[in-house]
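Taken in order, these protein sequences are the chains called L and F.
Residues in the first sequence are numbered consecutively from 1258, following this note's numbering.
Residues in the second sequence are numbered consecutively from 106, following this note's numbering.
Every residue, glycine too, gets a C-beta built ideally from N, C-alpha and C.
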Amino acid sequence: MSSPHIRQSDASVQRIMLHVLLALAPGIAAYVWKVGAGILVNLAIASATALIAEALVLRLRKRPIAITVSDGSALVTAWLIALALPSIVPWWLTMIAALVAIAGAKHLYGGIGQNPFNPAMIAYCTAIVAYPALMSQWPAIGNTDFATQLQLILGGSREIDGITGATALDAMRTGLRNHAEVHAILASNAFGLAGGRGWEWIAAGYLAGGVFLLATRIIDWRLPFGFIVGMGVTAGIFWLIAPERFPSPLFHLASGGAMLAAFFIVTDPVTSASTPRGKLIFAAGIGVIAWFVRTFGAYPEGIAFGVLLMNICVPLIDRNTQPPVFGLRKETPP
Amino acid sequence: MISRLFRFRGGIKPASHKAESSAAPIRPAPLPRRLVVPLIQGSRGSARTIVTAGDKVLKGQCIGEAEGAGGTAIHAPASGTVLEIGRYPMAHPSGLESLAIVIEPDGEDRWIATEPLDPASASREDLILRIQASGIVGMGGATFPSHVKLGKGDGISTLLINGAECEPWITCDDRLMRERAVDVVTGARILRQLSGARRIVVGIEDNKPEAIAAMTAAVRESGAGDIDIVPVPTRYPAGGEKQLIRVLTGIEVPASKIASDFGVQCFNVGTAHAVCRALVHGEAMISRIVTVTGNVERPGNYEVALGTPVSHLLEFCGVKAGTSRILMGGPMMGFTLPSTEAPVTKGSNCIIAASPALFPPAPPEQPCIRCGSCASACPVGLHPFELYWLSRAKRFDDASKYRLFDCIECGCCAYVCPGHIPLVDYFRFAKSEIRALGEEQKAASQARTRFESRVARLAREKAEKAARLAAKVAETRAGLAAGDAALIAAAAERAKAQPAVADNDTSPTDPT
């Protein structure tokens, strides 16, 4: 046995993952409060699928099962998928998404730590490309009871008139394409204080969880900061030039998956850049791409595409942003 | 005066476990039945034995002279009889054997006549020679010969005395400063004189208030405020030489340079103490203070004669049941002793009896998730996980480019790793592979050079032979040609001379 002979007793992958799950709790609570308990069903479906898929693939790959299944990483992926998908998608879509994430995005590349792409975002992109209609049906705030949500998730019927509502990003997009002005669109019922009405509280829940992760040093501040600055500054520039055609940075950051992404997706250690400067570049890139996809692209939400595109760039970013080591920094005082 | 302290990046704060051994004063350890004194005690050279089996030796008598410029002398740690000079297992992770002088103490502990050397009147050269002849090497663990470090003695402005003692469990420097502060301060002043430094700064981690107080008092009582005693924040590895230089002066000495390049020299408090003993008291280095701690009945600090087998010391301190292995050095950078028969040497600062309860085995290794904990903990500013991936993939060139060789193997990365990856092991592996590859390449290029020069030599010899042959042929031909020409000429001469023989006194030269 060689040095060091002591280890930090509380350092474990499991502890990191449990902290992330815990940090998702405020956002999930707000979700249940504002949208309904259907999300809990989706969380359960995604979790079960992810854990079973993880165990099966590990078995196929003849790898130790218990230690990896219990590390919590599959659960984090599962929860992020459930939260990224509309909470009334049918059960099989959630299952497919979890399967794609675990068996495909994670294990085809070699399992935890080896995957270049964020598994939850691969799953989201697969779902939105394959089932664009289902992926656009978001429940309207406060309109649907749990039984109806459960029926939509588990049953076959998709009687969704009056149940779904346009999300803030959707409503803004549609309005702008019809040449309405931003302030006129924002006057509609779909919008609240900052983003979509009600959804802003869920975003606030994610923000609270993110602050917890920052305080416990599970995540590096550079990643959420870079993302928020990237998206905020891009939105801000256009908003200052033409406020009637481009909504404000606050609208962008409070809408869609921005807060979830800033603190839980961009911050995935495996697939994000690792150097201090690299983290800023990586996260800012996602924010910028997401804004462009939202504003000019074919999909209302562009964060997932931003994440995957920046995932590809990680080796390049890391290689070119290696910080100088001890003794080779410029600011060494004499 | 030190106006401000600087920070080094990274570092960790493991549980210190100092209290176990720091409470009791330094006690002498009893002499063993046999002392095994290795000839190699410094990192830059060895000693040449000057005794033979059967010789009677006195305590402090030189038994091995410094060999070469980097060697340091060794001395009899006790009076007695030289039994043999043989190969014994050493305190090294490999457990390899090396030459040692075995002495049987006679129990009288008679000192050889000591000859102090007054630093105020002796020449610098004499003082340096005495340091070498007293066998003084760095006591912090690296055992770098002090006379080599002192070098020419110019261009140094600051002398740092390292009393940080940042490794958990170890308290030998703490006790030394508490109990022998005056000698440490005297030694430090001699080292300043020899290094040519203007000021002395002593760095002590702030978890040793008694040592700080004792050292401050020693400086004050000696009447001069010429030494700064500076408490530094307790954060491993603050006692690493380059980390301490950074904290106290702000200077970062890169891996490719040494402290002297920046006008700084750094000695351990134990070294300063030894210098004082050697010059002021004339006592060569024959013992050191060793912390014995961990799973033992009587943990503490012991004045141990060099050459004392670790097993003897452990027996004296009472190893408790449940001890699974013995560590030499601290838990962060020390190693498991392959054999407790290995002797205590000049670099042996700590012996820890490790039990699974005190040192639980690392949990099973999990894959790296690139969480970056290791990078935040690295005092060198490396990205250990990047080096880990490269080492695993055996991409050694890239690992070197990512500055693998700047790694000081302090163990901070492995300590914090949530995947419990033995990162330092990977780096040691990669370093040795790269060194081996370098050796191979060197050997291959030497072989190629040899081959090429042989081919060149053979070609040259062949060419020379051919040239000689050609020259000889040419000479012969020329000779023959000249012969023919001479014959013809002679014949012509003769023909010409025939009518007037009387006119010609000289006979024509006969060319044959």
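Within 10 Å of its beta-carbon, does residue i have 16 or more other beta-carbons around it, so buried, or fewer, so exposed?
i                      : result
residue 1427 (chain L) : buried
residue 466 (chain F)  : exposed
residue 1364 (chain L) : buried
residue 213 (chain F)  : exposed
residue 231 (chain F)  : exposed
residue 499 (chain F)  : exposed
residue 1434 (chain L) : exposed
residue 246 (chain F)  : buried
residue 409 (chain F)  : buried
residue 168 (chain F)  : buried
residue 1590 (chain L) : No answer about residue 1590 (chain L) holds up, because its pLDDT of 47 lies below 50 and its placement is not dependable.
residue 610 (chain F)  : Only weak support exists for where residue 610 (chain F) lies, its pLDDT of 49 falling under 50; the value from the coordinates is given anyway. It counts as exposed.
residue 453 (chain F)  : buried
residue 1574 (chain L) : buried
residue 1537 (chain L) : buried
residue 547 (chain F)  : exposed
residue 1496 (chain L) : buried
residue 603 (chain F)  : exposed
residue 1447 (chain L) : buried
residue 392 (chain F)  : buried
residue 616 (chain F)  : Note that residue 616 (chain F) has pLDDT 49, beneath the 50 cutoff, so the model's placement of it is unreliable and no number is given.
residue 1652 (chain L) : Past the edges of chain L, shown from 1258 to 1591, lies residue 1652 (chain L), and the structure says nothing about it.
residue 1484 (chain L) : buried
residue 108 (chain F)  : exposed
residue 1263 (chain L) : buried
residue 606 (chain F)  : Confidence is the limiting factor: at residue 606 (chain F) the pLDDT is only 48, short of 50, which leaves the residue's position unreliable, though a coordinate-based value still follows. Exposed, by the Cβ-count rule.
So what does residue i bridge to, in DSSP terms?
i                      : result
residue 1463 (chain L) : Looking at the DSSP assignment, residue 1463 (chain L) forms no beta bridge with any residue, so it has no partner.
residue 140 (chain F)  : F:208
residue 267 (chain F)  : F:308, F:373
residue 202 (chain F)  : F:194
residue 332 (chain F)  : F:305
residue 1448 (chain L) : L:1453
residue 216 (chain F)  : F:164
residue 326 (chain F)  : Residue 326 (chain F) pairs with nothing; no bridge assigned.
Thinking just about the alpha-carbon of each residue, which of the options is nearest to the one in residue i?
i                      : options                        : result
residue 140 (chain F)  : F:561, F:414, F:462, F:180     : F:414
residue 365 (chain F)  : F:313, F:302, F:311            : F:302
residue 260 (chain F)  : F:297, F:329, F:572            : F:297
residue 160 (chain F)  : F:535, F:210, F:281, F:202     : F:210
residue 112 (chain F)  : F:339, F:526, F:407            : F:339
residue 1292 (chain L) : L:1324, L:1276, L:1260, L:1345 : L:1345
residue 308 (chain F)  : F:263, F:345, F:258, F:337     : F:337
residue 233 (chain F)  : F:204, F:174, F:276            : F:174
residue 1552 (chain L) : L:1506, L:1466, L:1360         : L:1506
residue 1568 (chain L) : L:1373, L:1320, L:1266         : L:1373
residue 121 (chain F)  : F:399, F:367, F:162            : F:399
residue 1270 (chain L) : F:523, F:557, F:565            : F:523
residue 332 (chain F)  : F:581, F:545, F:267, F:277     : F:267
residue 194 (chain F)  : F:283, F:184, F:448            : F:448
residue 271 (chain F)  : F:434, F:363, F:285, F:216     : F:434
residue 182 (chain F)  : F:388, F:491, F:170            : F:388
residue 1296 (chain L) : L:1259, L:1410, L:1326, L:1266 : L:1410
residue 314 (chain F)  : F:427, F:251, F:124, F:189     : F:124
residue 381 (chain F)  : F:221, F:474, F:368, F:363     : F:221
residue 1323 (chain L) : L:1287, L:1333, L:1312         : L:1312
With respect to 7 angstroms, is the separation between the Cβ of residue i and the closest non-hydrogen atom of the ligand MN below this value?
i                      : result
residue 1366 (chain L) : In terms of ligand content, the structure shown is empty, and the ligand MN therefore cannot be addressed.
Q: Kindly provide the ranges of any beta strand (DSSP E) runs that are 3 or more residues long and lie completely inside the segment 372-399 of chain F, ordered along the chain.
A: 392-399
Q. Quick one, which residues of the segment 1459-1485 of chain L are near chain F if we go by CB-CB under 7 angstroms, in chain order?
A. 1477
Q) In the segment 240-294 of chain F, which residue ranges form an unbroken beta strand (DSSP E) of at least 3 residues, counting only runs that do not cross its ends? A) 263-268
Q: Mind listing, in chain order, the continuous beta strand (DSSP E) runs of no fewer than 3 residues lying wholly within the segment 406-456 of chain F?
A: 430-433
Q. Hey, which unbroken runs of the alpha helix (DSSP H) at 4 residues or more fall wholly within the segment 1387-1430 of chain L?
A. 1389-1392, 1403-1411
Q: Pull out every residue of the segment 484-510 of chain F whose Cβ sits closer than 8 angstroms to any Cβ of chain L, in chain order.
A: Residues of the segment 484-510 of chain F with a C-beta atom less than 8 angstroms from some C-beta of chain L are 484, 485, 486, 487, 488, 490, 491, 507, 508, listed in chain order.
Q.
Under 9 angstroms, CB to CB, which of the residues in the segment 415-437 of chain F have a partner in chain L?
A. 430, 432, 434, 435, 436, 437
Q. If contact means a Cβ-Cβ distance below 9 angstroms, which residues of the segment 1378-1410 of chain L contact chain F?
A. For chain F, none of the residues of the segment 1378-1410 of chain L brings a beta carbon within less than 9 angstroms of one of its beta carbons.
Q. Along the segment 1320-1341 of chain L, what residues have a CB closer than 9 angstroms to any CB found in chain F?
A. Against chain F - using a Cβ distance shorter than 9 angstroms - the residues of the segment 1320-1341 of chain L are 1321, 1324, 1325, 1328, 1330.
Q.
To be precise: take each residue of the segment 191-209 of chain F, compare its Cβ to all Cβ atoms of chain L, and keep it if any distance is under 8 angstroms. Which residues remain?
A. 198
**Q.** Completely contained beta strand (DSSP E) runs for the segment 115-178 of chain F, where each covers 3 or more residues
**A.** 140-143, 151-154, 167-172
Q) Using a Cβ cut-off of 9 angstroms, which residues of the segment 437-460 of chain F contact any Cβ in chain L, in chain order? A) 437, 438, 439, 440, 441, 457, 459
Q. Curious, which full-length beta strand (DSSP E) runs of at least 3 residues does the segment 539-605 of chain F contain?
A. none
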